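Here's the structure we're looking at; comments come further down.
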Amino acid sequence: MAGAAAETAPERTARPWLSPLNQRRLQNFRANRRGYWSLWIFLVLFVLSLFSEWIANDKPVLVSYKGEILFPVVVAYPEEKFGGFYAVTDYRDPVIQDEINAHGWMIWPPVRYSYRTVNNAIPEAAPTKPSWLYDVKTRCNQYPQGAADPNCVVGNWNWLGTDDQ
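Residues 594 to 758 (this note's numbering) are what the sequence shown spells out, left to right.
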């Protein structure tokens, strides 16, 4: 008897992921191409914004200094750690950069400006045009070694012409 009862018990089928009504709603949303692609573009931009500190920042992502690995994007280290005097480290300062490069290395984000960085070394009076419109000599003349200076890189350019204000 126990075997017969087990055989006649209805099989449990897996519940669908969505109800039929919600499946129809999803199908209608996917049929709306503009809304569907807008969702995907929004999601890509949202994920990129989560990594914005590692894409554009005026602090290095990773610093090796005297055998110690530091993460300036995550932790605010005082300048006295690198031989300076201030409470907040300005990693764009040539003295701090030389000190770190003499005793280690830095990995910078692709864009070396944050939202609050002001570029005071501009080639002409403000407001200036974007750096990519200048030739290399004009763009890099504020650096000590000119166009050969290691700091005259793509990440230090004034891309939109708004970093000087």
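Ideal Cβ placement from N, Cα and C applies to all residues, glycine included. Just so you know, these numbers come straight off a predicted model, no measurement behind them.
Sort the options by Cα distance to residue i and report the nearest one.
i    : options                   : result
E672 : I662, L655, Q690 and G660 : Q690
D728 : A718, G739 and P720       : G739
V764 : R627, P737, T731 and C733 : In the structure as shown, the chain begins at 594 and stops at 758. Residue 764 is therefore absent and cannot be evaluated.
Which two residues bound the contiguous beta strand (DSSP E) that contains residue i?
i    : result
G697 : G697 to I700
E673 : That residue, E673, is in no beta strand (DSSP E); it is neither H nor E in DSSP.
I662 : E661 to L663
If residue i sits next to residue j, beta carbons under 8 angstroms apart, how far is it from one beta carbon to the other, in whole angstroms?
i    : j    : result
L619 : L611 : 7 angstroms
F675 : I693 : 6 angstroms
P716 : N734 : 6 angstroms
V656 : G697 : 7 angstroms
F635 : G628 : The Cβ separation is near 10 angstroms, so there is no contact.
May I ask which residues mark the beginning and end of the alpha helix (DSSP H) holding residue i?
i    : result
V729 : V729 to R732
L655 : Premise fails: L655 lies in the beta strand (DSSP E), L655 to Y658, not in any alpha helix (DSSP H).
E646 : S645 to I648
N615 : P613 to A624
* Can you find at least 3 beta carbon pairs, one from the segment 658-666 and one from the segment 704-712, that sit closer than 8 angstroms? -> As far as the Cβ criterion goes, the segment 658-666 does not touch the segment 704-712, which means the pair count is below three.
* Cβ contact check for the segment 693-704 and the segment 638-656: 3 or more pairs under 8 angstroms -> Flag = yes, the segment 693-704 and the segment 638-656 touch.
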